[in-house]
Each structure stands twice: as C-alpha cells, then as structure tokens.
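Colleague: To convert, take the position in the sequence shown, counting from 1, and add 123; that gives the numbering used here. Glycine included, every Cβ here is placed at the ideal spot set by N, Cα and C.
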Amino acid sequence: MTDASTTAARRPGEQALTALGLSAPAPDPADASRHSFPGGGRWRTEIPSCEGPEALAVVLKEASRLDVPIHRISQGSGVWMLTDAEITEMVESTGERDIELCLFTGPRGTWDIGGSTRTDSRGAGLRARGHDAVAGCVEDAVRATELGVKCLLVADEGVLWTLHRARAAGIIPADTTLKVSALIGPVNPAAYAVYERLGGDSINVPSDLTLDHLTEIRRVSGAPMDMYIEAPDDLGGYVRMYEVAELIRRGAPLYLKFGLSKAPGIYPYGHHMRELTLATAKERVRRGRLALDLLARHGADGDMAPLGSRMPGDLQRFEISA
Numbered sequence: 124m125t126d127a128s129t130t131a132a133r134r135p136g137e138q139a140l141t142a143l144g145l146s147a148p149a150p151d152p153a154d155a156s157r158h159s160f161p162g163g164g165r166w167r168t169e170i171p172s173c174e175g176p177e178a179l180a181v182v183l184k185e186a187s188r189l190d191v192p193i194h195r196i197s198q199g200s201g202v203w204m205l206t207d208a209e210i211t212e213m214v215e216s217t218g219e220r221d222i223e224l225c226l227f228t229g230p231r232g233t234w235d236i237g238g239s240t241r242t243d244s245r246g247a248g249l250r251a252r253g254h255d256a257v258a259g260c261v262e263d264a265v266r267a268t269e270l271g272v273k274c275l276l277v278a279d280e281g282v283l284w285t286l287h288r289a290r291a292a293g294i295i296p297a298d299t300t301l302k303v304s305a306l307i308g309p310v311n312p313a314a315y316a317v318y319e320r321l322g323g324d325s326i327n328v329p330s331d332l333t334l335d336h337l338t339e340i341r342r343v344s345g346a347p348m349d350m351y352i353e354a355p356d357d358l359g360g361y362v363r364m365y366e367v368a369e370l371i372r373r374g375a376p377l378y379l380k381f382g383l384s385k386a387p388g389i390y391p392y393g394h395h396m397r398e399l400t401l402a403t404a405k406e407r408v409r410r411g412r413l414a415l416d417l418l419a420r421h422g423a424d425g426d427m428a429p430l431g432s433r434m435p436g437d438l439q440r441f442e443i444s445a
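What follows is the structure, encoded as structure tokens:
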C-alpha cells in the first residue's frame, strides 16, 4: 500500500482537468477529520449482509482470491435466524482470521405486527415495539455473546442503551461492541453524539450525507462511523465509489461498507434464497476490491487500520445511574 505520509493523494481526474483549466480548489485542511482508530489507521473494511456460514465461506474465499482485507463481517437477518451450530461455525471461521463478526439483534419494526412502518409516513421506524421486542433483542444479545459473538447490531435507541447498561453490569461481556444500524442512522451532529453517549461503538450514517455533513459530525464526535460506499436499494442505492478517499479524509475513523445496489433484499434469509445470497455475497467482495483499487490509483490507500483491530477507543457516554 502507498505510504500516505510521503505521497500526496490525488483526486479523480485531477491531472486531466487541470490541463484543461478546470482544476478544483485545493482541499481545505480545516474540513478534515482529526480522529483515527485506536492503534492507528483511519479506515477499516466491512462486508455486510453475510447471512450464514455458507455465505461467510464464499466471502472468505473470494476475499482471499481478490486480496481484499476484511476487518468486520456483519449479518442482517438477526441472531434468531441462526442455529447455535451456525453461529458457532461463523464465530470460529472469523476468529481464525481475526475478523470481527457482527450479528443483528432481535425483532424490529418491519417484522412484527405493527403496520405503521408500512404506511407512507413510515411511522415508528424500524424499532423494537414494546417490552417484548426489547426483551427479544436482549435474549439475542445474551445468546450470541455466550456463543462467542463480540459485536451486536442494534436498530433501536432503547435497545442500545439497555445493552450498553448490560455490558456495564456484566450481563454481556464488557468488550462487546455495539454497532448502530443504517436503519436508524443519525443525520446530524447532535443525533450522532447522542448515539455515541447511548453506547454506540460504531455508528452507521445514511449514504446520502454530504461531505460537509461528515465534517460537521467529526467536529463533535470521534466515534467510529460506518458508511455504505454502495448502498442497497432499500437504503437508496447510492454509489459513492469515486468519493471514497474524501469520505475517509472527512469521516475518519470510517468503516467502508461494500453493499450492493440493484439486488433484491434478502432479509430474513432462508435457504429458499440461497443462490441469490451466495452470488451477492461474492459480488460484495468484488465491489470492495474495486474501491481498494480506486484508492490505490489515487495514492490514497495508506493509513488502513491494522487487520484484527476492532475496539473503538475512548468514547463519550451518558452516566449510568445506580
């Protein structure tokens, strides 16, 4: 990889446009993030929507073939859609390669009996409705961590705060990391700071935030940020491949998530969707290779966090009362 400290990164088309008298203004150092991951590095990688051991095996094989470094693999259907044996197999496979495995917790709005998420207003969002839904998420969290899972995906503020308190109380391991889902991703600095204080260790923001929005967030919070470089269609289908170097400069510490547009949804996954799930898992890794190649061509592929790193560093939290 290029050493970012000795080689200045270039922007897409920069040389040709400058020759034509169409050069862009120089980047403003004031809008760059001053944050990085603990242990060094400003970006990590994530392959999302890896729905079981078979899809995981495809991802790992393709990542080896294409030389795509992976820090985290996440799943979207939920802990409840996996058997104990499947979870254990995924924990062991990722553990052998020092990759963080993140599984989604419990019931959420689209899958329960509430109809508000299906209205035009999308009222209530994709949250855990009622005590029993929160209890289901906690049940998933306890089960998953007992089986060795160290990262949990959360799509509800109350569940996030509850699981943060649970790890402080020793109900789940203290080194469990909590990842805020793109389904409830914050869109302003104040909201981002709230999710950090509620216990979020990495916070997924929508892929339609502008570069200036990322700078605004980074002025108030250093909590790791997750962002789809290519978003699934149900999250907008945005493709921001050419901005990846600038997204890192503005948003670090940043997880680069390699999603896939123009592909059907696969949640909740079952074997009736096997071929689609395996094919899209393989293509997500290829998308990662394309993004990494683009970074290399622009001389911006340096400063990746060490493989195997997963902790978020020191973050701001609300006080937990007795």
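Just checking my contact of F227 with L321 at CB under 8 angstroms: how many whole Å lie between their CB atoms?
Modeller: Locating residue 227 in the sequence shown gives position 104, counting from the first residue. Locating residue 321 in the sequence shown gives position 198, counting from the first residue. With a Cβ gap of about 17 angstroms, F227 and L321 do not count as contacting.
Colleague: Can the beta-carbon of T403 be found less than 7 angstroms from the beta-carbon of A386?
Modeller: As a first step, residue 403 must be located in the sequence shown, where it is residue number 280. As a first step, residue 386 must be located in the sequence shown, where it is residue number 263. It is a contact, given that the beta carbons lie within the stated cut-off.
Colleague: V317: which of T338, D279, I352, A264 sits nearest, CA to CA?
Modeller: What you label residue 317 is simply residue 194 of the sequence shown in a count that begins at 1. Of the listed residues, the one whose Cα sits closest to V317 is D279.
Colleague: Could you tell me how far apart the beta carbons of I340 and Y361 are, in whole angstroms, since I believe they sit closer than 8 angstroms?
Modeller: Indexing the sequence shown from 1 puts residue 340 at position 217. Indexing the sequence shown from 1 puts residue 361 at position 238. At roughly 17 angstroms, the Cβ-Cβ gap does not stay under 8 angstroms, so I340 and Y361 are not in contact.
Colleague: Can you tell me whether I352 is buried or exposed, with buried defined as 16 or more other CB within 10 angstroms of its CB?
Modeller: Taking the first residue of the sequence shown as position 1, residue 352 is located at position 229. So I352 ends up on the buried side.
Colleague: Report the rounded CA-to-CA distance for T130 versus L370, giving the unit in angstroms.
Modeller: Taking the first residue of the sequence shown as position 1, residue 130 is located at position 7. Taking the first residue of the sequence shown as position 1, residue 370 is located at position 247. Residue placement at T130 cannot be trusted, given a pLDDT of 48 that sits under 50; what the coordinates show is reported in the next sentence. Straight-line Cα distance between these residues: approximately 18 angstroms.
Colleague: What span of residues does the beta strand (DSSP E) with V303 cover, start to end?
Modeller: Within the sequence shown, the letter at position 180 stands for residue 303. Counting along the chain, the beta strand (DSSP E) containing V303 begins and ends at 300-303.
Colleague: With 16 other CB atoms within 10 Å as the buried threshold, where does K380 fall?
Modeller: Walking along the sequence shown from the start, residue 380 turns up at place 257. Buried, since its Cβ has 16 or more Cβ neighbours within 10 Å.
Colleague: Between M348 and G388, how many whole angstroms is the CB-CB distance? I'm expecting something under 8 angstroms.
Modeller: For the purposes of this step, residue 348 is taken as residue 225 along the sequence shown, with counting starting at 1. For the purposes of this step, residue 388 is taken as residue 265 along the sequence shown, with counting starting at 1. The pair is not a contact, with the Cβ atoms about 24 angstroms apart (cut-off 8 angstroms).
Colleague: State buried or exposed for V310, treating a residue as buried only when at least 16 other CB atoms are found within 10 Å of its CB.
Modeller: Position 187 of the sequence shown, counted from the start, is the residue given in the question as residue 310. With fewer than 16 Cβ atoms within 10 Å of its Cβ, V310 is classed as exposed.
Colleague: For I443, count the other beta carbons within 10 Å of its own beta carbon; 16 or more makes it buried, fewer makes it exposed. Which is it?
Modeller: Numbered from its first residue, the sequence shown carries residue 443 at position 320. Label assigned to I443: exposed.
Colleague: Beta carbon of A133, beta carbon of G422: below 7 angstroms?
Modeller: By one-based count along the sequence shown, residue 133 stands at place 10. By one-based count along the sequence shown, residue 422 stands at place 299. What sits at residue 133 in the sequence shown is Arg, not Ala. It is a contact, given that the beta carbons lie within the stated cut-off.
Colleague: Name the DSSP bridge partner or partners of V98?
Modeller: With the chain running from 124 to 445 in the structure shown, residue 98 is simply not present.
Colleague: I need the DSSP call for M124, collapsed to helix, strand or coil.
Modeller: Your numbering for residue 124 matches position 1 in the sequence shown. Low confidence applies to M124: its pLDDT is 43, below 50, so where it sits in the model is not reliable, and the reading given next is rough at best. It is coil, neither helix nor strand.
Colleague: Tell me which residues share the same chain as P429 and place their Cβ nearer than 7 angstroms to its Cβ, disregarding the 5 neighbours each side in the sequence.
Modeller: Against the sequence shown, residue 429 aligns to sequence position 306. Contacts found: G162, G163, G164.
Colleague: Considering just the uninterrupted stretch of the beta strand (DSSP E) at C225, what are its terminal residues?
Modeller: Residue mapping note: residue 225 aligns to position 102 of the sequence shown, counting from 1. Here the beta strand (DSSP E) through C225 covers 223-227.
Colleague: Given W284, which residues of its chain have a CB within under 7 angstroms of its CB, disregarding the five upstream and five downstream residues?
Modeller: Translated into positions along the sequence shown, residue 284 becomes position 161. L321, G322.
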